[in-house]
Amino acid sequence: MDQLRKKIYSFKLTIPWLIIFILFFIGPTVVGFYFAFTNWNLSEAEFVGLANFKEILSNQSMSGAFSNTFLFMIITVVFKISIAMFLAILVNQKLKTQNFLRGAFFFPVLMTFVATGVIFKAILHPEVGLLNSMLAAVGLEGLAKGWLVETDIVMLSIAGIDIWKGIGFHMVIFLAGLQSISSEYYEAANIDGASSWQKFKNITFPLLTPIFHANILLAVIQGMKVFDLVLVTTGGGPGYASVVINTFIFNAFSMGRYGLAVAGELLLFLIIIIFTIVLRFFLERREKRYGL
2 MDQLRKKIYS
12 FKLTIPWLII
22 FILFFIGPTV
32 VGFYFAFTNW
42 NLSEAEFVGL
52 ANFKEILSNQ
62 SMSGAFSNTF
72 LFMIITVVFK
82 ISIAMFLAIL
92 VNQKLKTQNF
102 LRGAFFFPVL
112 MTFVATGVIF
122 KAILHPEVGL
132 LNSMLAAVGL
142 EGLAKGWLVE
152 TDIVMLSIAG
162 IDIWKGIGFH
172 MVIFLAGLQS
182 ISSEYYEAAN
192 IDGASSWQKF
202 KNITFPLLTP
212 IFHANILLAV
222 IQGMKVFDLV
232 LVTTGGGPGY
242 ASVVINTFIF
252 NAFSMGRYGL
262 AVAGELLLFL
272 IIIIFTIVLR
282 FFLERREKRY
292 GL
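Position one of the sequence shown corresponds to residue 2 (the numbering used here), numbered consecutively onward.
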């Protein structure tokens, strides 16, 4: 009887949060799913079937939006994860500046994407930006670029900003994983005369595999959802050179085509779900190889 009362009491505690979850997540999701198949513009919401999705897929800028989004995602995942792992190993060493380095590397994470975009828009300005000015000051004018106005490098520049901002977040996750590894493994490896690379290859990396995979999934999802940095730094320009899926959705909202915008959100949601499920399948197979 006491156990039943405890279960009922626990259930009562979850009811308010369950109601909030249904009202502010499940409800809007279901309603949004319906509006994705209408021409909703606040005044009317006539059912149009798959017309919104056909328009999205046939839109001139959407091919560029898809390719830019995937390019951004791939670049940021590769560099965020690799640099974050290196930094985590670095700050996990017994250094006098250990705490300072941890704070310094994590500081960019605390900044909003909007603030980061505004700062780097000034730094990367082609004429008066700090980066080009510094290059000119040391006689490297040839390396100066229009970082945010040249079509062939604009997405790389935005990806670089996101990498700078995001590596601290992934570093902390790796650091937590490193500190959970028992020192006994390394002590045994030292007795056997293992080199630093051998310890990393045979101890650190295999035991960090679940953390490594979690970081990849987080970075993939964040990369697919990129919006703030693009909007603040370039607005999707020049031309369609840096347009991504979320900027297309934002433009649809701005034009009052809410049905089209919701359809774009639904399409992006499905892409992320499918991509993460497939990625998770391959990552789980890899984990089984290590017996994790």
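We put the beta carbon where it would ideally sit given N, CA and C, even for glycine.
Going straight from the alpha carbon of residue 224 to that of residue 74, what length do you get?
-> Rounded to the nearest whole angstrom, the CA to CA distance from residue 224 to residue 74 is 4 Å.
For the alpha helix (DSSP H) that contains residue 159, what are its first and last residues?
-> Where residue 159 is concerned, the enclosing alpha helix (DSSP H) stretches over 155 to 180.
Residue 48 in three-state terms, based on DSSP = The answer is strand: DSSP assigns residue 48 an E or B state.
Look at residue 165 and residue 109 and say whether their C-beta atoms are less than 7 Å apart.
-> Cβ atoms of residue 165 and residue 109: closer than 7 Å.
Option nearest residue 44 by Cα separation, candidates 86, 266, 66 and 259 | Among 86, 266, 66 and 259, the Cα nearest to that of residue 44 is on 259.
The alpha helix (DSSP H) enclosing residue 103, as first and last residue numbers = Segment 99 to 111, the alpha helix (DSSP H) holding residue 103.
Go ahead and pull the three-state DSSP assignment for residue 235.
-> The three-state reading of DSSP puts residue 235 in coil, since its state is none of H, G, I, E or B.
To which residues of the same chain is residue 76 closer than 6 Å at the C-beta, ignoring the five residues directly before and after it?
-> Counting only Cβ-Cβ distances below 6 Å, and skipping sequence neighbours, we find 160.
Can you say whether residue 213 is buried or exposed, counting buried as having 16 or more other CB atoms within 10 angstroms of its CB?
-> That one is buried.
Within 6 Å: the Cβ of residue 17 and any heavy atom of the ligand HEM?
-> Absent from the structure shown: the ligand HEM. Ligands present: none.
Residue 39 - partner residues in DSSP beta bridges = Partner residues in the beta bridge of residue 39, as assigned by DSSP, are 48.
Output yes or no for whether 7 Å exceeds the beta carbon distance between residue 156 and residue 102.
-> Going by beta carbons, residue 156 and residue 102 fall outside the 7 Å limit.
Taking residue 178 as the reference, give the member of 206, 26 and 266 with the closest Cα.
-> When each option's Cα is compared against that of residue 178, the closest is 206.
For residue 83, collect the residues of the same chain with a Cβ closer than 6 Å to its Cβ; drop the 5 residues on either side in sequence, then sort them by chain order.
-> Result list for residue 83: empty, nothing under 6 Å.
Compare the C-alpha of residue 107 against each of 172, 195 and 185 and name the closest.
-> Ranking the options by Cα distance to residue 107, first place goes to 172.
Does the separation of the CB atoms of residue 250 and residue 66 fall below 7 Å?
-> No. Outside cutoff.
Alpha helix (DSSP H) segments (min. 4 residues) lying fully within the segment 61 to 103 = Runs found: 63 to 92.
Along the chain, where does the alpha helix (DSSP H) that runs through residue 224 open and close?
-> Element bounds for residue 224: 210 to 225.
Considering residue 247, what are the terminal residues of the alpha helix (DSSP H) in which it resides?
-> Unbroken alpha helix (DSSP H) run through residue 247: 246 to 255.
Going by C-alpha distance, which of 235, 53, 23 and 287 is nearest residue 121?
-> The residue with the shortest Cα to Cα distance from residue 121 is 235.
Between the C-alpha atoms of residue 257 and residue 142, what's the straight-line distance to the nearest angstrom?
-> The C-alpha of residue 142 is placed about 45 Å away from the C-alpha of residue 257.
Can you tell which of 123, 70 and 26 has the C-alpha that lies nearest to the C-alpha of residue 273?
-> Out of 123, 70 and 26, 70 has the C-alpha closest to the C-alpha of residue 273.
Leaving out the 5 sequence neighbours to the left and right, which residues in its chain are closer than 7 Å to residue 226 when beta-carbon positions are compared?
-> Excluding its 5 nearest sequence neighbours in each direction, residue 226 has C-beta neighbours in its own chain below 7 Å: 247, listed in chain order.
To the nearest angstrom, report how far apart residue 104 and residue 88 are at their CA atoms.
-> Cα to Cα, residue 104 sits roughly 12 Å from residue 88.
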